[in-house]
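Residue numbers (the working numbering): 22 to 384.
Next up, the structure:
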């Protein structure tokens with residue numbers, strides 16, 4: 022059983038066909054098989070756009086996009102953005118770059134690949150977008166702000182990042198990617214849209230993702246102790262994935278001017294300890310809470326100021342934490358049932374699903 026469907030969508034306005042999107046060209050989504058990327062591909066297809074999904078499947082799950090295979094407007098290319106030759110790709114109408122591991126557990130395992138994905142991959146996609154006169158969306162991150170000395174974080178804040186720490190491959194890679202975007206805009210007049218994405222959650226997050234929402238829900242559903250790092254007073258702000266996709270598409274709307282980065286996230290701030298207790302209550306778990314030492318460079322507070330998104334994009338998140346957690350918990354309940362029913366392991370599923378997407382020779 023593939024668990025790829027999302028909760029029923031709210032009615033949302035369609036994308037307007039204008040200068041930001043070329044209706045006669047496919048849209049390229051780099052990292053389209055990932056957590057956020059797969060939701061974006063699905064939404065674009067629902068709204069009538071042909072989509073090319075580019076992914077190297079190093080951390081993505083082919084199951085996330087398996088339900089889209091039957092759509093004749095959906096095409097999958099297995100490739101690494103850091104190594105692609107832009108001239109080898111078809112003409113595209115827009116480029117969305119979500120191609121980078123976002124989980125600290127995952128990107129710290131492959132720091133060079135992460136850094137090169139951010140820098141070389143960004144440059145390659147900018148070249149492709151420039152060739153085609155296409156607008157480009159860059160999924161930047163709240164990690165730009167590092168260990169913030171300003172709270173909540175405004176786009177004008179330059180950040181406080183440890184360039185030698187274990188998170189630097191991601192933090193500094195994303196900072197450099199932003200710089201590349203704005204150089205291309207200034208030098209070539211390109212249309213670039215940079216979103217600094219704060220903590221996002223929802224269905225299709227991977228069981229081994231390692232981020233706090235996944236860890237706590239998985240532990241609660243199996244009645245294991247919930248692991249809280251530090252004393253649990255550090256805060257995060259969690260945005261449901263469908264709200265984020267709404268914001269991404271608003272940024273790429275033809276009539277929206279985005280002259281600089283825009284924070285995208287939910288400003289409702291919560292401590293990790295309070296989050297753990299809320300998840301225990303929502304899952305009716307018998308789990309207790311245990312504490313572990315805080316990881317190096319783990320930011321103590323994280324909350325977006327979204328005044329700019331509200332002003333420019335006319336956007337604010339609409340899904341409250343309890344509702345979003347309910348949808349996410351249901352998804353993980355099904356995934357855990359799948360694991361217990363002796364469904365092939367996740368690596369085996371990835372190999373077989375990818376073979377179905379690309380043919381046996383592609384793996």
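Even for Gly, the Cβ is constructed at its ideal location relative to N, Cα and C.
Remember, predicted model here, so these are calculated numbers, not experimental data.
- Rounded to the nearest whole angstrom, the C-alpha separation of residue 347 and residue 184 is 37 Å.
- Non-local C-beta neighbours of residue 309 in its own chain, meaning closer than 8 Å and more than five positions away in sequence, comprise 246 and 247, ordered along the chain.
- A direct Cα-Cα distance of roughly 39 Å separates residue 117 from residue 305.
- Residues of the same chain with a CB within less than 6 Å of the CB of residue 151, apart from the 5 flanking positions on each side, are 209 and 211 in chain order.
- Pairing residue 273 with residue 61, the inter-Cα distance amounts to about 12 Å.
- Rounded to whole angstroms, residue 82 and residue 203 show a C-alpha spacing of 31 Å.
- A distance of 8 Å or more separates the beta carbons of residue 93 and residue 286.
- Under the three-state reduction of DSSP output, residue 199 falls in the helix class.
- In this structure, the CA atom of residue 137 is about 19 Å from the CA atom of residue 54.
- For residue 336, the number of other beta carbons within 10 angstroms of its own is at least 16, and it is reported as buried.
- Here residue 112 is not bridged, per DSSP, to any residue.
- Judged by DSSP secondary structure, residue 290 falls outside any alpha helix (DSSP H) and instead within the beta strand (DSSP E) spanning 290-292.
- The alpha-carbon separation between residue 234 and residue 186 amounts to approximately 23 Å.
- Between the beta-carbon of residue 238 and that of residue 312 there is about 18 Å, and that puts the pair past the 8 Å contact cut.
- Contact between residue 223 and residue 262 holds, with the beta-carbon distance rounding to 3 Å and staying under 8 Å.
- In terms of Cβ geometry, residue 270 and residue 218 do not form a close pair [threshold 8 Å].
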